[in-house]
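K.L.:
Numbering (the working numbering), first residue to last: 101 to 269.
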């Protein structure tokens, strides 16, 4: 939450790309979040507007960045295909399983090509089999997009996609 600029540190400095996030004006912090950052947490359903389809959810951030409708939909279709959801792109979140919703949330967070991707307990609400599938997809997508990724998790299986592991007790 500190790296996402959602909370301010009570001490110390949170510096990302040379900027102290605690000192950024609101407009620059909003630009950092919308342009440089992708974020997903364990409560993925909160990030998925129930009235939008999977395809629309993944394309949404691109639309906010000014991408054409054709480019938005092409990118959404590509990502949904990559995570095995091409046939469910027209479904709304309530029509998808928990694992499917989490994969849509991951695609939506990565669609605009962020430089930094933060995942806070991304499999916290999933069973072990579905969590394994999500970790596989997550590892593939972030490596393909070459974005710095921070995964915070109590799940020891999350380490299988990591290049570096930091344990905090």
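Note that beta-carbon positions come from the ideal geometry of N, C-alpha and C, so glycine has one too. Source: prediction; values computed, not measured.
Using only alpha-carbon positions, find the residue among 187, 138, 201 that is nearest to residue 193.
P.N.:
Taking the chain shown and counting its residues from 1, the one referred to as residue 193 is at position 93. Ranking the options by Cα distance to residue 193, first place goes to 201.
K.L.:
Could you tell me which whole alpha helix (DSSP H) segments of length 4 or greater appear in the segment 104 to 173?
P.N.:
126 to 131, 154 to 164
K.L.:
Under 8 Å by Cβ, that's how I've got residue 176 and residue 149 pegged, so tell me the actual separation to the nearest angstrom.
P.N.:
Translated into positions along the chain shown, residue 176 becomes position 76. Translated into positions along the chain shown, residue 149 becomes position 49. Contact doesn't hold; Cβ gap of about 14 Å is too wide.
K.L.:
Please report the distance separating the alpha-carbon of residue 271 from that of residue 154.
P.N.:
This structure leaves residue 271 out entirely; the chain is present only between 101 and 269.
K.L.:
At 3 residues or longer, what runs of the beta strand (DSSP E) sit wholly inside the segment 179 to 252?
P.N.:
216 to 220, 248 to 252
K.L.:
Rounded to the nearest angstrom, how far is the Cβ of residue 214 from that of residue 136, given a contact under 8 Å?
P.N.:
Mapped onto the chain shown, residue 214 falls at position 114. Mapped onto the chain shown, residue 136 falls at position 36. Right, their Cβ atoms sit about 6 Å apart.
K.L.:
Where residue 218 and residue 104 are concerned, what is the direct C-alpha to C-alpha distance, given to the nearest angstrom?
P.N.:
For the purposes of this step, residue 218 is identified with residue 118 of the chain shown, where counting begins at 1. For the purposes of this step, residue 104 is identified with residue 4 of the chain shown, where counting begins at 1. About 8 Å.
K.L.:
Closer than 8 Å by C-beta to residue 122: which residues in its own chain qualify, once you throw out the five before and the five after it? Chain order, please.
P.N.:
In the chain shown, counting from the first residue as 1, residue 122 sits at position 22. So the list reads 108, 109, 113, 114, once near-sequence residues are dropped.
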